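Novice: Following our numbering, the numbering of the sequence shown begins with 628 at its first residue and continues without gaps. Cβ coordinates follow ideal geometry from the N, Cα and C atoms, glycine included. Note that the structure is a prediction, hence the values are computed from the model and not measured. Can you read through this structure? Questions will come right after.
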Amino acid sequence: MFATDETLKAKKGIAWLIALAALMALIAIGLAVAFAINSASELHSFAAQNDKEAIEAASSNKPTVTNATTQVINLVGLMSLSAEDAVQRIGHGAAVQDEAPMSSVGFTNEETVVLTDEKGDALSGTPTVTLGFDGNGTVAAASYSAPTSLLGYGNLSFSDAVEEFHIVENLLGKVGLSGVEEGSVTLPDRKEYSSYGPDRKTLTSETYTFSGSAQSGDLPYSWTVTLTYDYDEANSTGNLANTVKKVAISIMRE
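If you want it as structure tokens, here you go:
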């Protein structure tokens, strides 16, 4: 039986349709693969971007020391000066606020000097210098106290200020002493510097006094540094930014 022209045309049409369907299937598969690759690439880029943003966010939350807005007084430079000369040397609008006699450790009297040119801190007050005078009327001991915020340590936790950013060693250097290596000052067990409220859970304060010996040239000095964080205002307002943070450093000739 011979095929007619119509039969041959029908067979050719079916073959063409089959070829077209196969071509469309191949195109569809290609598009699906391309879409999958593109999606995977976008997901990878999105994940990488998220990781970068997370790292940057974490980095921005890390505690840091900021620029100091006050200058630490060189206490060593006040040694052996008269009261008048010491106040003049201190500068920063130094003004004697209080004077009191002393009978301990060989001192005759003590002066508290306020640095009136300093802006101070609304919670923690203004930097002050305290001078202790010997029998000759010259400075034999001196201390400097200031809010930690003015020194650039205001946003640090108590332990970070001491052990990560070495506030004690840095202040010793700024007041004119040497011989205390960075990292040599550490905190004791937390229970020795932390105080809690009646519920034994609410932290009310952290305070600790560090002490040691150092030098200025060939002259030996004894020193103490007291760091204090008072959380009373922070607890009552529910705002940790209201923590009163102060540091005081004292030196005395040995």
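#1: Using DSSP's beta-bridge definition, name the partner residues of I878.
#2: Looking at the structure shown, is A684 part of a helix, part of a strand, or coil, going by DSSP?
#3: Could you please give the first and the last residue of the uninterrupted alpha helix (DSSP H) stretch that includes A713?
#4: Taking the C-alpha atoms as reference points, what is the distance between L758 and T739?
#5: Alpha carbon to alpha carbon, how far is N866 from G824? Give it in angstroms, no decimals.
#6: Under 8 Å by Cβ, that's how I've got I876 and Y780 pegged, so tell me the actual separation to the nearest angstrom.
#7: Counting only runs of 3+ residues fully inside the stretch 815–875, write out the beta strand (DSSP E) ranges in chain order.
#8: How many Å lie between H793 and F785 at the Cα?
#9: Does the Cβ of L846 have 16 or more other Cβ atoms within 10 Å, making it buried, or fewer, making it exposed?
#10: What separation, rounded to the nearest whole angstrom, lies between the Cα atoms of Q724 and V714?
#11: Extract the residue ranges of the alpha helix (DSSP H) inside the stretch 782–814, only unbroken runs of 4 or more that lie entirely within it.
#12: In the structure shown, what three-state DSSP assignment does L778 receive?
#13: For P728, count neighbouring Cβ atoms within 10 angstroms of its own Cβ and tell me buried if that reaches 16, exposed if not.
#14: With a threshold of 16 other CB atoms inside 10 Å of the CB of T697, please say whether the residue is buried or exposed.
#15: Any contact between the stretch 794–812 and the stretch 836–843? By contact I mean 3 or more CB pairs, one from each, below 8 Å.
#16: Output yes or no for whether 7 Å exceeds the beta carbon distance between T765 and S709.
#17: Is S832 near E881, with beta carbons less than 7 Å apart?
#18: Spatial neighbours of V692 within its chain, please: CB distance less than 7 Å, with the 5 preceding and 5 following residues excluded, ordered by chain position.
#19: Give the secondary structure of G752 by DSSP, where H, G and I count as helix, E and B as strand, and everything else as coil.
#20: Just to check my reading of the structure: V852 and L798 have Cβ atoms closer than 8 Å, yes? What is that Cβ distance to the nearest angstrom?
#21: What residue from E711, I700, H719 has the CA that sits closest to D927's CA?
#22: Among K873, S707, I878, which residue has its Cα nearest to the Cα of G747?
#23: For a test of your reading of the model: does the CB of G759 fall under 6 Å from any non-hydrogen atom of the ligand ATP? Yes or no.
#24: Between the beta-carbon of K801 and the beta-carbon of V699, is there less than 7 Å?
#25: What separation, rounded to the nearest whole angstrom, lies between the Cα atoms of E711 and A767?
#26: What three-state label does DSSP hand V699 in the structure shown?
Specialist: Looking at the atomic coordinates:
#1: A769, W850
#2: Reliability fails at A684, whose pLDDT of 37 lies under 50, so the model's placement of it is uncertain and no value is given.
#3: 710–717
#4: 7 Å
#5: 17 Å
#6: Contact flag wrong, Cβ pair sits at about 13 Å.
#7: 821–823, 830–843, 846–857
#8: 11 Å
#9: exposed
#10: 11 Å
#11: 794–801
#12: helix
#13: exposed
#14: buried
#15: yes
#16: yes
#17: no
#18: G779, Y780, F792
#19: strand
#20: 6 Å
#21: Here the chain comprises residues numbered 628 to 881, so residue 927 is not present and cannot be evaluated.
#22: K873
#23: Absent from the structure shown: the ligand ATP. Ligands present: none.
#24: yes
#25: 14 Å
#26: coil
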